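For the sequence shown, position 291 matches number 446 in the numbering used here, and the numbering has no gaps at all.
Note that the Cβ used here is the ideal one computed from N, Cα and C, for glycine as well.
All figures in this text were calculated on a predicted structure; none of them were measured in a lab.
A quick write-up on the structure given underneath.
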Amino acid sequence: MPESTPSLPSWLSRGMADLFPAGDPKDADQALAARLTQAEKEGRPLRVKLGIDPTGSNIHLGHSILFRKLRAFQDAGHTAVLIIGDFTARIGDPTGKSATRVQLSKEQVAANASTYLRQLGQDQPKDTALLDFETPGRLEVRYNSEWLEGMDLPAVIGLLGTGTVGQMLAKDDFSKRYGSGTPIALHEFLYPLLQGYDSVAVNADVELGGTDQKFNVAMGRDLQRHFDKGTQFGLLLPILVGLDGVQKMSKSLGNVVGLDEDPLSMYSKLEKVGDAAINDYLTLLTDLDLATLPENPREKQKAMALAVTASRHGLEAAQKAQVDAASLVGGAGDADAEVPEASLATVNFPAKVFYLLSAVGICASSSEARRQIKGGAARLEGEKITDPNQEFATAAELEGKVLQLGKKTFRRLTA
């Protein structure tokens with residue numbers, strides 16, 4: 156990550172991967188620090204845009220990096236403009252995709268948007284919410300169907316006229332697909348233009364995005380200029396590496412920590428983050444001062460896991476999760492540990508343990524369960540399970556016991 160920009164406050168520069176433009180430091184159109192100073196003199200908050208397309212239903216910690224930065228702007232007195240891309244989600248962002256995305260229905264998008272807002276903190280105390288939904292003037296939630304759905308054909312043609320085919324093919328994802336002969340549907344070229352127009356519609360001063368979104372954010376600046384609006388700054392943040400320490404955090408790769416996960420599961424996963432990624436997790440997911448942390452990687456892991464879990468569930472719950480994790484991993488099988496429950500109601504008894512792991516949702520399939528057991532990853536009440544065909548006659552034998560997979564997944568079995 157780049158060093159902090161001296162002219163910017165630390166809450167803003169922390170974790171920043173790119174900021175553009177970065178020209179004359181005294182020009183409010185070329186330097187964000189100057190724009191901040193100008194806004195303060197004028198007594199107006201900056202309008203900080205973050206657009207999300209609700210193409211799924213769950214938000215994970217990788218997504219939360221952008222929301223944390225948006226919250227930092229809120230806490231500094233600025234206005235977060237959260238754009239729900241209910242219209243653009245029906246097209247789908249082609250960024251990072253090797254094929255045309257499946258278009259979603261209005262109903263699918265609306266359902267996903269509702270779950271996103273809940274996970275971000277709607278109707279929740281701001282102390283543990285990712286965004287501040289409570290303080291007046293700190294948040295606008297806008298749906299881009301508000302200005303995009305009513306566009307007539309002349310307006311769409313006018314928007315298309317602001318870009319070129321060459322410009323679109325310069326986008327890395329389009330370039331790769333075109334070069335490999337993979338089809339690019341014409342409507343996909345519309346996506347960067349439509350989401351760029353969002354910046355025009357909401358008069359954005361700053362747009363947040365991941366490093367993979369630079370093309371789209373720059374398009375917003377171009378369109379603001381075309382429509383004689385003040386131009387936004389692009390502030391880009393890194394893509395978080397997943398729990399595997401190799402690939403970006405992604406649900407499809409199974410290397411995620413979800414915002415909705417219970418304290419024990421969240422803490423247990425985070426305290427196993429690899430040494431190579433720990434400083435990035437600390438920088439991007441916490442406000443801890445790295446200079447004050449011990450050099451010992453294990454202590455850094457625990458400090459990070461505790462801070463992130465506390466930010467979602469409160470310090471008391473996070474500390475309880477830390478104690479419970481140590482107890483359970485150590486094989487103590489603490490009856491007082493707050494472990495997520497898994498119901499045995501749908502399990503057909505007598506049941507072999509490989510089937511049990513699959514039936515309660517710890518493993519995705521019976522074959523995976525067999526592999527995990529043979530690899531020594533499964534335990535019951537701290538005792539290693541060695542035989543995939545070990546059988547339990549009734550649910551009563553398992554009532555209240557903790558089933559464990561590795562050092563990250565625990566479930567207390569209930570009848």
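Residues bridged to F388 (per DSSP)
To locate residue 388, count along the sequence shown from 1; it is residue 233. According to DSSP, which records beta bridges pairwise, F388 is partnered with V361.
What do you get for R451, buried or exposed, if any count of 16 or more other CB atoms within 10 angstroms of its CB means buried?
Locating residue 451 in the sequence shown gives position 296, counting from the first residue. One point to set straight first is that residue 451 is Asn, not Arg, in the sequence displayed. The residue in question, N451, is exposed, as its Cβ has fewer than 16 Cβ neighbours within 10 Å.
Note down, in chain order, each residue of its chain lying with its Cβ closer than 6 Å to the Cβ of I239, except the 5 sequence neighbours on either side.
Counted from its first residue, the sequence shown places residue 239 at position 84. The residues are A268, Y298.
Assign E295 to buried or exposed, taking buried as 16 or more other Cβ atoms, counted over all protein chains shown, within 10 Å of its Cβ.
One-based indexing of the sequence shown puts residue 295 at position 140. Counting Cβ neighbours within 10 Å, E295 comes out exposed, since fewer than 16 surround it.
Leaving out five residues before and five after D430 in sequence, what residues of the same chain have Cβ atoms less than 7 Å from its Cβ?
To locate residue 430, count along the sequence shown from 1; it is residue 275. Result list for D430: P452, in chain order.
At the level of alpha carbons, what is the spacing between D377 and N371?
Against the sequence shown, residue 377 aligns to sequence position 222. Against the sequence shown, residue 371 aligns to sequence position 216. If you take the alpha carbons of D377 and N371, they lie about 10 Å apart.
Put I540 into one of helix, strand or coil per three-state DSSP.
Stepping through the sequence shown from its first residue, residue 540 is reached at position 385. If DSSP states are grouped into helix, strand and coil, I540 belongs with coil.
Taking the alpha carbon of A500 as the reference point, which residue from L511, L419, R223 has its own alpha carbon closest?
Working through the sequence shown from its first residue, we reach residue 500 at position 345. Comparing Cα-Cα distances from A500 to each of L511, L419, R223, the minimum goes to L511.
My output table needs one value for Q185: the three-state DSSP class, helix, strand or coil.
Here the question's residue 185 lines up with position 30 in the sequence shown. If DSSP states are grouped into helix, strand and coil, Q185 belongs with coil.
Complete runs of the beta strand (DSSP E) confined to the segment 233-300 [at least 3 residues]
234-239, 294-298
What number of angstroms, rounded off, separates the C-alpha of V361 from the C-alpha of D367?
Position 206 of the sequence shown, counted from the start, is the residue given in the question as residue 361. Position 212 of the sequence shown, counted from the start, is the residue given in the question as residue 367. Cα-Cα distance, rounded: 17 Å.
Identity of the residues DSSP links to S498 by a beta bridge
Looking up residue 498 in the sequence shown gives position 343. The partner list for S498 (beta bridge, DSSP) reads T569.
My parser needs the beta strand (DSSP E) runs of 3 or more residues fully inside the segment 504-565; what are they?
533-535, 557-560
C-alpha distance - D287 paired with K457, whole-angstrom precision
What you label residue 287 is simply residue 132 of the sequence shown in a count that begins at 1. What you label residue 457 is simply residue 302 of the sequence shown in a count that begins at 1. Rounded to whole angstroms, D287 to K457 spans 27 Å at the Cα level.
Determine whether the beta carbon atoms of V401 and L216 lie at a separation below 9 Å.
Taking the sequence shown and counting its residues from 1, one reaches residue 401 at position 246. Taking the sequence shown and counting its residues from 1, one reaches residue 216 at position 61. No, they are not a contact pair.
Since F509 and S521 should fall inside the 8 Å C-beta cutoff, what is the C-beta to C-beta distance between them, to a whole number of angstroms?
Residue numbering aside, residue 509 sits at position 354 when the sequence shown is read from its first letter. Residue numbering aside, residue 521 sits at position 366 when the sequence shown is read from its first letter. Their Cβ separation, rounded to whole angstroms, is 5 Å, which keeps F509 and S521 in contact under 8 Å.
Using 8 Å as the Cβ pair cut-off and three pairs as the minimum, do the segment 317-331 and the segment 276-292 touch?
no
Beta bridge counterpart(s) of H342 as assigned by DSSP
Against the sequence shown, residue 342 aligns to sequence position 187. The partner list for H342 (beta bridge, DSSP) is empty, contrary to what the question assumes.
Apply the 10 Å Cβ neighbour rule to E416 and answer buried if 16 or more other Cβ atoms are within range, or exposed otherwise.
For the purposes of this step, residue 416 is taken as the residue at position 261 of the sequence shown. It is buried - the Cβ of E416 has at least 16 other Cβ atoms within 10 Å.
Examine the Cβ distances between the segment 173-186 and the segment 387-405 and report whether three or more of them are shorter than 8 Å.
yes
Just the C-alpha distance for S405 and P209, rounded to the nearest angstrom, thanks.
One-based indexing of the sequence shown puts residue 405 at position 250. One-based indexing of the sequence shown puts residue 209 at position 54. The alpha-carbon of S405 is positioned some 15 Å away from that of P209.
With 16 as the cutoff for other CB atoms within 10 Å, does L225 come out buried or exposed?
Within the sequence shown, residue 225 is the residue found at index 70, counting from 1. Under this definition L225 is a buried residue.
Could you give the DSSP three-state label for R202: helix, strand or coil?
As a position in the sequence shown, residue 202 is number 47, starting the count at 1. In this structure, R202 counts as strand in the three-state DSSP scheme.
Between which two residues does the beta strand (DSSP E) carrying L395 extend?
Here residue 395 refers to the residue found at position 240 when the sequence shown is read from its first residue. Per DSSP, L395 belongs to no beta strand (DSSP E) and is neither H nor E.
Starting from D479, follow the beta strand (DSSP E) in both directions and report where the run begins and ends.
Taking the first residue of the sequence shown as 1, we reach residue 479 at position 324. Counting along the chain, D479 falls outside any beta strand (DSSP E), though it belongs to the alpha helix (DSSP H) covering 470-484.
Beta-carbon proximity list for R567, same chain, < 6 Å, skipping 5 on both sides
Taking the first residue of the sequence shown as position 1, residue 567 is located at position 412. Closer than 6 Å at Cβ, skipping near neighbours: V494, E496, V557.
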